[in-house]
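Each remark here refers to the structure printed beneath this line.
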Amino acid sequence: MNIKGKPNHKLYIQLLRQMSPEEKLQKVFALSDFSRQLFMHGLRQRFPHLPEEDFRKLFLGRLEKCHNRNY
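Residue 9 is where the sequence shown starts when you use our numbering, and the numbers rise one by one after that.
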């Protein structure tokens, strides 16, 4: 059961349909970058003690686990 309504969903879909392919691609890149930064921020909060190089290895390892191997 979905308690939360989606009052702006139709407007959002309409705006997406009005976007050019280039604008849609830019939006995809922006959302992808935002997701990556959010994931990195969450990891940094969980592992604040790690040196930068170890943190980078952890981050890349976690990303590898998320990769969809079906493609």
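The beta-carbon is built from N, C-alpha and C at its ideal position, and this holds for glycine as well.
- Under the three-state reduction of DSSP output, P29 falls in the helix class.
- DSSP, read as helix, strand or coil, puts H75 in coil.
- Here the C-alpha atom of E61 lies approximately 43 Å from the C-alpha atom of N16.
- DSSP places F63 within a helical segment (H, G or I) once states are collapsed to three.
- K12 and E72 have their C-alpha atoms spaced approximately 33 Å apart.
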